[in-house]
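Following: one structure in C-alpha cells, then a few remarks.
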Amino acid sequence: MSTSRHRRWRRKIGPVSRWLPAFARLSTVFLLIALALFVALRVAAPYLISTGFVRSGIEDTLSKWTGYHAEIKGSPALEFWPTPRITLNQITIRQPRESGDKLLGSIESLSADFSLIDALRGRTSFHEFHLVRPKLALTRDERGLIDWSYAGLLARAISGVRYENGAEVLDPDLDAEIGAVTVEDGTLVVTDVKSATTYHFDSVTADIAWPRLSGAISAVVIARINGEDLKIDFASRQPLLAFAGRNAETRTSLTSNLLTAHFQGIASIASLSAFSGNAAVTIPDVPALLTWSGKSIPGIATLKSASLESDIMSSGNGLRFNNLSLSLNEASATGVMDLFTQPGKRPKIGGTLAFDQMNLKPFLDAFALRLAAGEAEEVSGISGPLRVLDVDVRVSARRAQMGLFELSDVGASMIVAGGEAKFDIGDSQFEGGEMTAHLEATQRDFDGGGKLQLSIRNADFAALAERLQLKGPLPLATGSLDLDLQSPKAIWTTGLADVTGRLHFWTGEGTIPGIDAAALRTQAAEKPFFPLSAAAGGAFTFNQLNLQADFANGSAEMHDARIAGATQTLTLSGVITYQSNGLALSGSLDATDPAKAAELPLLPFFIGGSWPNPVISPVPLFGNTPQAQ
1257 MSTSRHRRWR RKIGPVSRWL PAFARLSTVF LLIALALFVA LRVAAPYLIS TGFVRSGIED
1317 TLSKWTGYHA EIKGSPALEF WPTPRITLNQ ITIRQPRESG DKLLGSIESL SADFSLIDAL
1377 RGRTSFHEFH LVRPKLALTR DERGLIDWSY AGLLARAISG VRYENGAEVL DPDLDAEIGA
1437 VTVEDGTLVV TDVKSATTYH FDSVTADIAW PRLSGAISAV VIARINGEDL KIDFASRQPL
1497 LAFAGRNAET RTSLTSNLLT AHFQGIASIA SLSAFSGNAA VTIPDVPALL TWSGKSIPGI
1557 ATLKSASLES DIMSSGNGLR FNNLSLSLNE ASATGVMDLF TQPGKRPKIG GTLAFDQMNL
1617 KPFLDAFALR LAAGEAEEVS GISGPLRVLD VDVRVSARRA QMGLFELSDV GASMIVAGGE
1677 AKFDIGDSQF EGGEMTAHLE ATQRDFDGGG KLQLSIRNAD FAALAERLQL KGPLPLATGS
1737 LDLDLQSPKA IWTTGLADVT GRLHFWTGEG TIPGIDAAAL RTQAAEKPFF PLSAAAGGAF
1797 TFNQLNLQAD FANGSAEMHD ARIAGATQTL TLSGVITYQS NGLALSGSLD ATDPAKAAEL
1857 PLLPFFIGGS WPNPVISPVP LFGNTPQAQ
C-alpha cells in the first residue's frame, strides 16, 4: 500500500519537474529584456526628451493647479537615474496681468519626478514634489475661508466636492494625482481680513502625503512664529471638504514648548455648526504663552499652568463640553461647559465645575479678562474682553484656598455681563462658621473700580489670628463680621488709600491678650503716659464685643467700639492709619455695672503712636486727676 502511494506522487511530480526549468528560463529572459529596456531608456532618454519639453510641462502643471501663471527664470536640470527628475529654479506664480497681476508666491527651487514613458509619448505627469524656500501668501476672508487659488484645478475641486453617504465625493474630471510634497525652509504669510491681522510663519518644513485629490491626506508641518517653533500634525479622509470650510473628519495636533493641543472628530475652519469630537489642551506656562502672544492679564502670574480635556459637540448656536476635565495649577475639576454664539450678541461661556481642592486666586486671575492698566492706551484698537464675552460659571469645591484663608464646602459663581464682572461665594464653611462674599468689578472692563461685600458668621477669629500671625492685643473669640468696601480705581491698581467702606464686627465671650485692666489703672494712676506693653501682664476677658468702623483715605475711623467684660467695659473711638499702623484713639474704662462706679471709676485715656505697642496717656477728669482716682 505504501509503494502504491509513492507511485502516484511520482506521476504527479514528474510533469512539474519537466516544465519548471522551462518556466525559469522564460522568466529569466523576460527579466533580462525588461532590464535591458530600463537601462536603454535611461541611456537614450537624454537624447529623446528635451529639457524644454519637461520644463514647459511643469509650467503648465503649476498653472493648471493654481490657476495662476507660472514663470520659470532659472535653467532647468534633468536627471534620469535612478528615476527621471527635473529641478527648476527661480519660479514665480502670479495672476495673469489682465486679471490683476496678484502674486501668489515664489519658489527658489522645485524638483519633481516625472514619468519617462509618458514623456516619450509626448505627455508629462509629475509626482514627488520637493520645494526649497517657497514663499506663499494666502488670504482668509470674512467667512473664515482660505483663498487657495485663482481659478485652478485645486480651487475647482474644492468648490465642486460633495458629501454623500458619509464620504467625500469628487467628479472624475476634477480628480488628479498628487503624490508626496516636501517643503524645505519655506515662508507662509496669512492675512485674516476679518480681524485685520497678518500671521507670519517662517522656517516652514513640511511632509505632505496626498496620493489623489479625492483621497485622504496626512501632513506634518513645522514652522516658527514669533520666535517659537510649532509642529502641526494634520490628517483627514475628507481634505477637500475641510479646505472648503465644510464639516470634515480631521485629526489635528499642535505641539510646542508653550502649548500642546489635540483634536479628533468633525470640524470646520469656518464655523462651529457641526463640531464634534474629543479635544485636549495643555499649557505648561500660562504667563509665557501670554507673553509670546503679546497679551497681558493682570495678576495672571499666579496661574502657572492649565489643561483641558473634553468631548465637544455642537449644541444649537454654540458648543457643549461634556466630560470636561479642567486643571488650574494643582487644582482639578470636572463638569460641563457651554459656549453660546448668536449673531449680533456677545459669545457666552456657561456651565458648572466641581473641584475637590482649588485655589480661588488663580481661578479669579483666569477670569480677570482685561489688559493691564495703561495698556489700552499703548495698544491701539484693542478692547477689553468684557466688551466681547459674557461668562456665567458655577463652581463648587470641597476645599478652597484664597491666600492664607481656607474654605470648605464652597459654592461660588462667576458672572460677566453688560460690562460688569461679579464673583459670588454663596455658601462656604470658614473657621468653624459660615462665609458669603460678593466681589464686583464695575463698568469699563474693571477700570471703573469695584466693590467687595463679605459676611462671616460664628467663625473662630482666634484661630484666624493665629493663622495670619497677627501681632498685638486682638480679640480672640467666636464672632461675626460684615465688610463692605469700594474702590473707584481698577482692582489691580487699587491701594489702601483708595478703599472706602464700612466694617461691623461683633462677638460673644472672648479675651484680649496683652491688656490687663488692673495694670492699666495702676499705670494710669502713677504715670502721665506709658506704653501698652507696661499693662500687658494679663488678659481682658469680655462677654460681648461690638465694633463699627468706616474706611476712607487710607485710614479707618472707629465709632464707639464697646468691649463689655463681667466687671469693666472698654470703649474706643478714633482713627487708625493702616498704611503706617498709626493710632489716634480716645478710650475709657469704666464699671460694667453702674452700681460699682465708685469701686471702678471712669478712666479716660488717649492712645497714640503705632501698633502693636502704642503709648497710653490718661486724660484727667474735670476737677480730678488720675492720681486722685
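Residue numbers for the sequence shown follow the working numbering, so the first one is 1257 and each next one is one higher.
Yeah, the Cβ is synthetic: ideal placement off N, Cα and C, and Gly gets one too.
In the structure shown, ILE1525 adopts coil according to DSSP, grouped into three states. In terms of Cα proximity to GLY1361, the closest of LEU1392, ASP1458 and SER1331 is LEU1392.
The beta carbon of THR1343 is closer than 6 Å to those of ALA1333 and SER1367 in its chain, skipping five residues each way along the sequence. The shortest C-alpha to C-alpha distance from LEU1859 to any of ALA1781, VAL1449, LEU1732 and PRO1850 is the one to ALA1781. Beta-bridge partners assigned by DSSP to GLN1520: ARG1507 and ASN1534.
VAL1871: member of the beta strand (DSSP E) spanning 1871–1874, first to last residue. Secondary structure at LYS1391: strand, using DSSP grouped into helix, strand and coil. In the displayed model, TRP1867 falls within coil according to three-state DSSP, outside both helix and strand. Per DSSP, the unbroken beta strand (DSSP E) holding SER1842 starts and ends at 1838–1847. Going by C-alpha positions, ASP1816 is about 5 Å away from LEU1828. CA-to-CA, the gap between ASP1448 and LYS1487 works out to about 21 Å. Counting C-beta atoms within 10 angstroms of its own C-beta, PRO1784 has fewer than 16 neighbours from the protein chains shown and is therefore classed as exposed. By the C-beta density criterion, LEU1660 is exposed, having fewer than 16 other C-beta atoms within 10 angstroms. Contact between THR1734 and ASP1716 holds: CB atoms are separated by about 6 Å, below the 8 Å threshold. Annotated three-state conformation of GLU1722 is helix, per DSSP. The three-state secondary structure of SER1474, taken from DSSP, is strand. By the beta-carbon neighbour count (other beta carbons within 10 angstroms, threshold 16), LEU1724 is exposed. In the DSSP annotation of this structure, the continuous segment of the beta strand (DSSP E) that includes ARG1468 starts and ends at 1453–1468. Here the alpha carbons of LEU1732 and PHE1796 stand approximately 10 Å from one another. Residue burial annotation: LEU1580 is buried, with at least 16 other C-beta atoms found within 10 angstroms of its C-beta. In the structure shown, VAL1755 falls within a coil segment according to DSSP collapsed to helix, strand and coil.
Listed as beta-bridge partners of GLN1657 by DSSP are ASN1615 and GLU1662.
Annotation for ILE1712: PHE1686, GLY1689, MET1691, SER1736 and LEU1737 place their beta carbon closer than 7 Å to its own, counting only its chain and skipping 5 residues before and after.
With the rule of 3 Cβ pairs closer than 8 Å, the region 1509–1518 does not count as touching the region 1566–1580. Where ALA1774 is concerned, the enclosing alpha helix (DSSP H) starts and stops at 1773–1782. Counting C-beta pairs with one atom in each stretch, the region 1450–1468 and the region 1478–1497 have three or more that are closer than 8 Å, which means they touch. DSSP assignment within the region 1544–1593 yields the following whole beta strand (DSSP E) runs of 3 residues or more, N-terminal first: 1562–1571 and 1574–1584. By the 16-neighbour rule on beta-carbons within 10 angstroms, PRO1850 is exposed.
Here the alpha carbon of GLY1864 sits roughly 5 Å from the alpha carbon of VAL1871. By the neighbour-count criterion, in which a residue is buried when 16 or more other Cβ atoms sit within 10 angstroms of its Cβ, GLU1398 is exposed.
Buried is the label assigned to GLU1505, since at least 16 other Cβ atoms lie within 10 Å of its Cβ.
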